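Taking it in order: structure first as structure tokens, then the write-up.
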Amino acid sequence: MLLGGPVAGKPNGLTIKLIHRNSPASPLYPGNITFSKRIQRFVKQSKARATNEAIHAPLGIQGMAIYMVRFGIGTFNATFPARPFKSYHLHMDTGSALTWTQCQDCETLGYRCFPCREPPFPNRISTSYRPLPCNRHPLCTPYECIGDSCSYQLRCMDGATATGILAQEAFTFVSSSGRPQTIPNIVFGCTIDSADMKYGEDDNQVSGIFGLGWGARSFGIQIDSLSHGPFSYCLKLNDGHDLDTYLRFGADISQPAGSLQTTKLYQFKSSPAYYIELLGISINGTRLNINPALFALQFDGSARCYRLWKFFYMYYKACL
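Heads up: the sequence shown begins at 1 in UniProt numbering, then just goes up one per residue.
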């Protein structure tokens, strides 16, 4: 989904329009394809996920970016660019904490850029760009620095890496009235070197990650003074009609009428991903006779998780 911008906001809330990747407003819009074709695309995306068992999501894979965000980064004078900020598409990811995009320093000798239609973020000329000083900010990892600035390195089990500078920057969203709403001093990752990133398509239009996972670097945590923590969004049926929905923070989250059922979210060690406890599976009202222990997440030393497909396949065969 594409993050369009706040539509309305209470003093302690924020509401942002989301656009699904299959919406005509999305840069990844596949055109007038059938429902069957859309399902085939999702099957391919699921298979792509299955080949990577790392807890952390792969780094900016366009083919897996079912939900995307778009907002402005930086502060520029009126002549560059035409607007006082530069807009980017990022993969919205609740399994990652850090928000990051590719920066122009990747073009420096010795560093590597990944293919992207959008030019790298011109951090050198943004007047609101402030690298975090080495070892002197709570969001820095001690002694992880490039020069005098805090740095980060993201790794995936498939071998992809992204390395960059942690910095503060202004994020700008466009309200329904057309006026920009700027949130200053958001800590984000300015990626200057990347390697072995796998893309679903050659004409990549996704510039990085919008992180909403656990962790102090998460966008949701950083705007806690505005939203006081919670965020909410709904997923609609991918039938090709009215795929727009909303990402809401804080006081803008509507309370449904009647009773509300909830389930607890868990964090595994330091993983930014959200986990829930699965107790059982029912089909047509009948609980399957599956030992609940089989649903427990099991991790080996390389932080791989075991999936449930083999259990479903077992019961599928039994029903034939």
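Virtual Cβ for every residue (Gly too), placed ideally from N, Cα, C. Small disclaimer: the values here were computed from a predicted structure and weren't measured.
- Of the residues assessed, S232 falls on the exposed side of the cut-off, its CB having fewer than 16 other CB atoms within 10 angstroms.
- In this structure, I186 is the residue among L98, I186, E169 and P133 with its C-alpha nearest to the C-alpha of I223.
- The beta strand (DSSP E) runs of length 3 or more contained entirely in the segment 207-237 are, from start to end of the chain, 208-211 and 231-233.
- Cβ-Cβ distances below 8 Å link E118 to Y88, H89, Q205 and S207 in the same chain, with the five nearest sequence neighbours on each side left out; the list follows chain order.
- Counting other Cβ atoms within 10 Å of its Cβ, L166 reaches 16 or more and is therefore classed as buried.
- Residue environment analysis places R70 among the buried positions, since at least 16 neighbouring C-beta atoms fall within 10 angstroms of its C-beta.
- V174 is the residue among T15, V174 and R130 whose C-alpha sits nearest the C-alpha of P84.
- Note: P133 is bridge-paired with S149 in the DSSP secondary-structure output.
- By the C-beta criterion, the segment 102-113 is judged to be in contact with the segment 190-199, since at least 3 inter-stretch pairs fall below 8 Å.
- R179 is not bridged by DSSP to any residue.
- Cβ contact annotation for I146 (same chain, cutoff 7 Å, sequence separation greater than five): I165, in chain order.
- Using a Cβ distance threshold of 8 Å, Y266 and I276 count as a contacting pair.
- Note on P131: 16 or more other CB atoms within 10 angstroms of its CB, so buried under the neighbour-count rule.
- Fewer than three Cβ pairs drawn from the segment 154-163 and the segment 120-139 lie within less than 8 Å of each other, which leaves the two stretches out of contact.
- Secondary structure of R83 (DSSP, three-state): coil.
- Beta-bridge annotation (DSSP): L90 is paired with V69.
- G211 is not a Cβ neighbour of L139, given a cutoff of 8 Å.
- T94 places its beta carbon 8 Å or farther from that of Y246.
- Residue pairing by DSSP places L247 opposite I16 and Y233 in a beta bridge.
- For the pair E169 and G74, the CB atoms are nearer than the 8 Å cut-off.
- If you ignore the 5 residues before and after F295, its C-beta comes within less than 6 Å of the C-beta of L278, all in its own chain and listed in chain order.
- With a beta-carbon spacing of about 12 Å, G220 and S96 fall beyond the 8 Å limit used to define contacts.
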